[in-house]
Amino acid sequence: MPLHLLLRTYTLGARELWRALRDMAGPGEQQALAELTEALFTATDRVVGAVAESYLDERVALAAERHEERRSRARALLDGRPVVDGVTPDGPVLVLFVRFGTSAATGGLSPVAVRRLLRRVQAALDRAFGTEVLAVLDGDGGHVVVPGVTEPPARLPELLCETAGPELRLAAAAAMTVGDIPRAALLTSEVVRVAAACGVRPGVHRIEDVLLEYHLSRPSEGSARIIAMLDPLADRPELVGTLRTHLEHRQDRRATARLLNLHPNSVDNRLARIQDLTGLDLADPRDVALALAALLLRDADTGVTE
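Heads up: the sequence shown begins at -5 in our numbering, then just goes up one per residue.
This is how it looks when you write it as structure tokens:
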């Protein structure tokens, strides 16, 4: 029963009781009627407060239970496990990976603020898709599962950026069967991670946008050796930043200089120093690919060890 109807029904009863008391009051009983009226108003205040508090507590408990059911279904689908509560999708499924901005991801938000952020993001997702979507989200972001859909709505990035800020990153992949959901989940998270490691601006990322970088960031038996090529730059963050910016902008020295607030000659000097320390010739396509792979493998946190 809606809360406003419940409270209106009770206050209507209180008003009818007061009218009955008024009609029954005889001559000289005005003082007694005033005392009864005061007692009736006091009781009504207490009951209305208690009912509203209990009602809202129950609504919160039901919402939390429903949220956990949806989260459990999403987690089962992402893990490739059978869905215990709810219906297993029998058609295509859209899988999204969302990464929030640095303020939430680095602990800049309080737990209460994070909970509010997640509620707003969930509401934005539900509004964009026109249904209750399944999501596993935390302060960093997470995965979203939308059965029966293969493409995200055009307005989704705008809604999410309005909710979570302009630093949000988003990738999407369609899973044609339930068994494809874990693969799509891994792909979307990797695309976002590689895009961030490459310095691609926040927004919507597709694997086509980072196809070469995605391939270069796959760990292999030689990954540790590739990463080690940048070890001579470990204590020179300005050289690493210059290398990254230079590669991100297709080795355009003037664009690199403008973004780093340097003179182009200063960029040339730094690139020469990088070449001296690492032995990588940034005029050689092979060495450029090795430098890019080393940055990606190191910064994408792929877990490569010696």
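C-beta: ideal position from N, C-alpha, C; glycine also.
Could you spell out the range, first to last residue, of the alpha helix (DSSP H) harbouring Arg292?
-> Element bounds for Arg292: Pro279 to Asp293.
Relative to the alpha-carbon of Arg67, which residue among Leu56, Pro83, Leu233 and Thr5 has its alpha-carbon at the smallest distance?
-> The shortest C-alpha to C-alpha distance from Arg67 to any of Leu56, Pro83, Leu233 and Thr5 is the one to Pro83.
Outcome for Met223 when other beta-carbon atoms lying within 10 angstroms are tallied against a minimum of 16 = Per the 10 Å Cβ criterion, buried.
Which of helix, strand or coil DSSP assigns to Phe91 | When DSSP states are grouped into helix, strand and coil, Phe91 belongs to the strand group.
Using the DSSP secondary-structure output, state which residues sit across from Val140 in a beta bridge.
-> Answer is Leu88.
According to DSSP, is Arg357 helix, strand or coil?
-> Outside the modelled stretch of the chain, which goes from -5 to 300, sits residue 357, for which no answer is possible.
Taking Cβ to Cβ, would you say Val89 is nearer than 7 Å to Ala169?
-> Taking the C-beta atoms as reference points, Ala169 is found nearer than 7 Å to Val89.
Hey, which unbroken runs of the alpha helix (DSSP H) at 4 residues or more fall wholly within the region 7 to 77?
-> Taken in chain order, the unbroken stretches of alpha helix (DSSP H) that lie wholly in the region 7 to 77 and span 4 residues or more are 24 to 73.
Going by other Cβ atoms of all chains shown within 10 Å of its Cβ, with 16 needed for buried, is Thr272 buried or exposed?
-> Thr272 counts as buried, since no fewer than 16 other beta carbons sit within 10 angstroms of its beta carbon.
Own chain partners of Pro76 with C-beta closer than 8 Å, once the 5 adjacent residues on each side are dropped | Contacts found: Ala70 and Thr82.
Residue environment, Leu303, which counts as buried when at least 16 other CB atoms sit within 10 Å = No answer is possible for residue 303: the residues shown for the chain start at -5 and end at 300.
Meets three-Cβ-pair contact criterion under 8 Å: the region 246 to 259 and the region 187 to 207 | With the cut-off at 8 Å, the region 246 to 259 and the region 187 to 207 do not touch.
Nearest-angstrom beta carbon gap, Arg212 and Val186 [assumed within contact, 8 Å] = Not really, about 16 Å apart at Cβ, beyond 8 Å.
Are three or more beta carbon pairs between the region 179 to 199 and the region 274 to 285 nearer than 8 Å?
-> Between the region 179 to 199 and the region 274 to 285 there are fewer than three inter-stretch CB-CB distances shorter than 8 Å, so the stretches are not counted as touching.
Exposed unless 16 or more other CB atoms sit within 10 angstroms - verdict on Val78 = So Val78 ends up on the exposed side.
Give the single residue among Ser104, Val92, Thr239 and Leu(-3) whose Cα lies nearest to the Cα of Val282.
-> For Val282, the closest C-alpha among the options Ser104, Val92, Thr239 and Leu(-3) is that of Thr239.
C-alpha distance - Leu289 paired with Ala55, whole-angstrom precision | It is roughly 47 Å from the alpha-carbon of Leu289 to the alpha-carbon of Ala55.
So, is Val106 buried or exposed, given that buried needs 16 or more other C-beta atoms within 10 angstroms?
-> It is exposed - the Cβ of Val106 has fewer than 16 other Cβ atoms within 10 Å.
Mind checking whether Ile268 and Leu233 have CB atoms under 7 Å apart?
-> Cβ distance < 7 Å, so Ile268 and Leu233 count as in contact.
From Gly85, Arg60 and Ala166, residue whose alpha carbon lies closest to that of Gly136 | Taking only the C-alpha atoms, the option nearest Gly136 is Ala166.
Have a look at the DSSP bridge pairing and note the partners of Arg163.
-> Arg93, per the DSSP bridge assignment.
Could you check what DSSP says for Leu131 in three-state terms: helix, strand or coil?
-> Leu131: strand per DSSP, three-state reduction.
Rounded C-beta distance between Ala118 and Thr182? I'm assuming under 8 Å.
-> Ala118 to Thr182, Cβ: 18 Å. No contact.
Closest residue to Pro141 among Thr236, Asp174 and Leu(-3) (Cα-Cα distance) = Residue Asp174 is the option with its Cα nearest to Pro141.
So what does DSSP say about Ala168, is it helix, strand or coil?
-> Reduced to three states, the DSSP call for Ala168 is strand.
CA-to-CA distance, Gln116 to Thr31, given in whole angstroms = Near 47 Å, if we compare the C-alpha coordinates of Gln116 and Thr31.
Go through its chain and collect everything with a Cβ distance to Val188's Cβ below 7 Å, but skip five positions before and after it.
-> Around Val188: Val204, Glu207, Tyr208, Ser211, Leu290 and Ala294.
Simplified DSSP assignment, three categories, for His199 | Three-state result, His199: strand.
Would you decide whether Ala122 is buried or exposed? Buried here means 16 or more other CB atoms lie within 10 Å of its CB.
-> Result: buried.
If you run the structure through DSSP and keep just helix, strand and coil, what is Gln245?
-> Coil.
Same chain only: Cβ atoms within 7 Å of Glu147, ignoring 5 sequence neighbours per side | Correcting the residue type first, residue 147 is Pro in the shown sequence and not Glu. Listed in chain order, the non-local C-beta contacts of Pro147 below 7 Å within the same chain comprise Ala122 and Phe123, local neighbours out to five positions each way being set aside.
Leaving out the 5 sequence neighbours to the left and right, which residues in its chain are closer than 6 Å to Tyr49 when beta-carbon positions are compared?
-> Within its own chain, the residues whose Cβ lies closer than 6 Å to the Cβ of Tyr49, once the five positions on either side in sequence are excluded, are Leu(-3), listed in chain order.
Whole-Å CB distance - Asp134 paired with Phe94, under 8 Å assumed = The beta carbons of Asp134 and Phe94 sit about 6 Å from each other, so the pair counts as a contact at 8 Å.
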